[in-house]
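Q: First residue of the sequence shown? That's 3 in UniProt numbering, and the numbers climb one at a time after it.
Following this message is one structure expressed as structure tokens.
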Amino acid sequence: STPAAWSNADAYLAELLVGHDPHLESALSAQRDAGLPEIEVAPVGGKMLNLLARISGARRVLEIGTLGGYSTIWLARAVGPEGRVVTVEAEADNAAVARASIDAAGVGERVDIRIGRGADVLPTLVGGFDLVFIDADKESNTVYLDWAAKLGHPGTVIVLDNIGREGEIVRADSTDSKVVGTRDALRMLGEDPRFDATALQTVGAKGWDGFALAVVV
Ligand code: DHB
Ligand code: MG
Numbered sequence: 003s004t005p006a007a008w009s010n011a012d013a014y015l016a017e018l019l020v021g022h023d024p025h026l027e028s029a030l031s032a033q034r035d036a037g038l039p040e041i042e043v044a045p046v047g048g049k050m051l052n053l054l055a056r057i058s059g060a061r062r063v064l065e066i067g068t069l070g071g072y073s074t075i076w077l078a079r080a081v082g083p084e085g086r087v088v089t090v091e092a093e094a095d096n097a098a099v100a101r102a103s104i105d106a107a108g109v110g111e112r113v114d115i116r117i118g119r120g121a122d123v124l125p126t127l128v129g130g131f132d133l134v135f136i137d138a139d140k141e142s143n144t145v146y147l148d149w150a151a152k153l154g155h156p157g158t159v160i161v162l163d164n165i166g167r168e169g170e171i172v173r174a175d176s177t178d179s180k181v182v183g184t185r186d187a188l189r190m191l192g193e194d195p196r197f198d199a200t201a202l203q204t205v206g207a208k209g210w211d212g213f214a215l216a217v218v219v
């Protein structure tokens with residue numbers, strides 16, 4: 003198995019199960035044109051977030067790390083017209099790209115973009131979130147998990163992106179701050195009694211990575 007085969011199979015799954023979506027594809031074009039990194043979730047991952055939000059009946063969603071708004075649109079579609087997504091983005095330029103794409107997708111009224119670093123913005127939020135998607139600077143993952151527990155409630159779904167890191171997560175001696183942040187977060191999910199969690203590795207359009215899935219106990 004090779005990365006090319008992973009991408010081919012991912013494209014096949016996306017074609018069958020996600021399909022083409024002009025608003026989402028425009029969001030990706032706008033993100034690329036603005037020079038933002040292409041590190042949004044894959045289409046199959048965006049659809050998974052959408053399904054998790056619907057399965058859990060989430061009406062209030064918190065996203066940490068908006069980037070160009072691709073996953074935000076998937077989540078906003080899931081919460082319904084009365085639902086709300088609060089999404090936190092450290093870079094004002096990213097937030098502007100996301101705002102335009104989210105509005106163009108017709109879900110702008112459901113989405114509140116808060117510009118600032120998570121550590122500054124999260125303490126200002128009112129809790130009660132039903133689902134939290136953490137996909138920002140990996141160094142702050144444990145801070146974000148702590149806030150997810152505080153701003154959630156028993157039953158809140160937490161998805162933490164990028165737990166695979168091409169297998170680097172096994173390196174206890176890693177000096178890569180993203181690996182260290184991810185390892186710390188995984189340990190917290192295993193040890194902190196506020197969470198019950200698992201994690202799945204993924205291969206596909208975004209290489210070898212994965213996500214953790216947790217519930218607030
Ligand atoms: C990176 C961040 C992401 O959220 C992602 O999905 C892939 C890579 C990164 O910072 O390298
Ligand atoms: Mg990510």
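All C-beta atoms, glycine included, are put in the ideal place defined by N, C-alpha and C.
What's the C-alpha gap between V159 and G85?
A: In a straight line, the C-alpha of V159 is about 16 Å away from that of G85.
Q: Given the structure, does N164 come close to the ligand MG, in the sense that its CB is under 6 Å from one of the ligand's heavy atoms?
A: Under cutoff, so the answer is yes.
Q: Would you give the residue range spanned by the beta strand (DSSP E) that R116 belongs to?
A: Where R116 is concerned, the enclosing beta strand (DSSP E) stretches over 113-117.
Q: Return the first residue and the last residue of the alpha helix (DSSP H) that I136 is part of.
A: Segment 133-136 is the beta strand (DSSP E) holding I136; no alpha helix (DSSP H) there.
Q: Assuming V88 contacts L127 (C-beta within less than 8 Å), just tell me the rounded distance between them.
A: Between L127 and V88 the Cβ distance is about 6 Å, and since that is below 8 Å, they are a contact.
Q: To the nearest angstrom, how far is it from the Cα of L162 to the Cα of L77?
A: Between L162 and L77, the C-alpha separation is close to 14 Å.
Q: Under 7 Å between C-beta atoms, does G47 make it to chain D?
A: You won't find chain D in this structure, because it holds only one protein chain.
Q: Give a yes or no on whether the C-beta atoms belonging to L69 and N96 are separated by under 7 Å.
A: It is a contact, given that the beta carbons lie within the stated cut-off.
Q: When you compare each of W8, I41, S73 to L26 by their alpha carbons, which one comes out closest?
A: Checked all of W8, I41, S73; the closest Cα to L26 is S73.
Q: Any chance you could list the alpha helix (DSSP H) runs of at least 4 consecutive residues sitting entirely within the stretch 7-44, in chain order?
A: Here the runs fully enclosed are 24-35.
Q: Thinking C-beta only, is L147 closer than 7 Å to V63?
A: Not in contact: V63 and L147 (Cβ atoms no closer than 7 Å).
Q: Quick check: is any heavy atom of the ligand DHB less than 6 Å from the C-beta of I136?
A: No, the beta carbon of I136 sits no closer than 6 Å to any heavy atom of the ligand DHB.
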